[in-house]
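Asks:
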Amino acid sequence: MTERPPLVVKIGGGLLRTEGLDGLRRACAEAIELARDRPVLVVPGGGPFADAVRAVDAQVDLADDVAHALALRAMDQLGTLLAPLLPSAEPLMRLVVPRSLALVLAAQAFGGRPEVPQSWAVTSDSLAVLAAGAIGAEEAILLKPVAGVVARSNDAPVRALTAGELEALQDAGGGRAVDPYLPEAIRRTGVTVIVRAPGGIGTRIVPA
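Read left to right, the sequence shown gives residues -18 to 189 (our numbering).
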């Protein structure tokens, strides 16, 4: 039987902020299930740890490279919480196809890569997509405390978008469930992205 292509799963720190460890447990259980029949690379979000870096940046105006380095370490702090919930996951310091289930060490895997912009417009959302492109994954799933991408705060999620449509939505003030760089990351890599809550349906975003 031909092995299915690898998959990237981002476990968002917003789940910790809104649901505590229960949210992370649900997301990790889903990643473990997905890894039963394909290699899965888990990318941790930043959540409250990245929020702390943003607060320091707002106070002292960090240099871009310093803020970027601290934000990657914030992802690793969430990764430290995820590790015991993913007991079979191997830690990966490089962006390579995992043997089965793996948890990326963000500071080592993403640090110093010239193709990764050093900007708050680029969060773990886009990093997950860039990781998917690097390992040849066709899809990246972004697990967040949202039902999907919406045009306005009280709207139902949009079920399908192109990267260009997402960009237009963000330009009009919507699409805030994902970072501003995501449309460009999708176009650069050709990766399809699903934005959803654990166990949900969410929004599917295709390159074109």
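For every residue, glycine included, the Cβ atom is placed at its ideal position computed from N, Cα and C.
With 16 as the cutoff for other CB atoms within 10 Å, does alanine 39 come out buried or exposed?
Replies: Position 58 of the sequence shown, counted from the start, is the residue given in the question as residue 39. Burial call: exposed.
Asks: Quick one, which of Ala10, Arg35, Leu(-12) has its alpha-carbon nearest alanine 102's?
Replies: Here residue 102 is taken as the residue at index 121 of the sequence shown, counted from 1. It is Arg35 whose Cα lies nearest to the Cα of alanine 102.
Asks: Looking at C-beta atoms only, is the number of pairs between the segment 39 to 51 and the segment 67 to 81 that lie closer than 8 angstroms three or more?
Replies: No: fewer than three Cβ pairs fall under 8 angstroms.
Asks: Just the Cα atoms here: how many angstroms apart are isoleucine 122 and leucine 51?
Replies: Translated into positions along the sequence shown, residue 122 becomes position 141. Translated into positions along the sequence shown, residue 51 becomes position 70. Their Cα atoms are separated by approximately 24 angstroms.
Asks: Residues in its own chain within less than 8 angstroms of threonine -17 by CB, not counting five upstream and five downstream?
Replies: Working through the sequence shown from its first residue, we reach residue -17 at position 2. Caution applies to threonine -17, whose pLDDT of 49 falls short of 50 and renders its modelled position unreliable; the model cannot decide the point.
Asks: Residues bridged to arginine 185 by DSSP?
Replies: Within the sequence shown, the letter at position 204 stands for residue 185. The partner list for arginine 185 (beta bridge, DSSP) reads Ala141, Ile175.
Asks: Quick one: Cα of valine 133 to Cα of proline 164, how far?
Replies: If you number the sequence shown from 1, residue 133 lands on position 152. If you number the sequence shown from 1, residue 164 lands on position 183. Per the sequence presented here, residue 133 reads as arginine, with valine not at that position. Approximately 18 angstroms between the Cα atoms of the pair.
Asks: How big is the Cα-Cα spacing for glutamate 120 and arginine 140?
Replies: Residue numbering aside, residue 120 sits at position 139 when the sequence shown is read from its first letter. Residue numbering aside, residue 140 sits at position 159 when the sequence shown is read from its first letter. One C-alpha to the other measures close to 16 angstroms.
Asks: By the three-class DSSP mapping on this structure, what secondary structure does valine 41 have?
Replies: Taking the first residue of the sequence shown as 1, we reach residue 41 at position 60. Here valine 41 sits in helix by DSSP.
Asks: Just tell me which of Leu2, Val127, Leu53 has its CA closest to the CA of glycine 93.
Replies: The residue labelled residue 93 in the question sits at position 112 within the sequence shown. Comparing Cα positions, the closest option is Leu53.
Asks: Among Thr143, Leu84, Lys125, whose alpha-carbon lies nearest the alpha-carbon of valine 159?
Replies: Position 178 of the sequence shown, counting from 1, holds the residue named residue 159. The option with the nearest alpha carbon to valine 159 is Lys125.
Asks: Buried or exposed: which applies to proline 68, given that a residue is buried once 16 or more other Cβ atoms fall within 10 Å of its Cβ?
Replies: Position 87 of the sequence shown, counted from the start, is the residue given in the question as residue 68. Answer is exposed; the Cβ neighbour count stays below 16.
Asks: Could you say which of Leu111, Arg80, Ser81 lies nearest to alanine 90 if we only look at CA atoms?
Replies: Within the sequence shown, the letter at position 109 stands for residue 90. The shortest Cα separation from alanine 90 among Leu111, Arg80, Ser81 belongs to Leu111.
Asks: From glycine 26 to proline 179, what distance separates their C-alpha atoms?
Replies: Your numbering for residue 26 matches position 45 in the sequence shown. Your numbering for residue 179 matches position 198 in the sequence shown. The straight-line gap from Cα to Cα measures roughly 14 angstroms.
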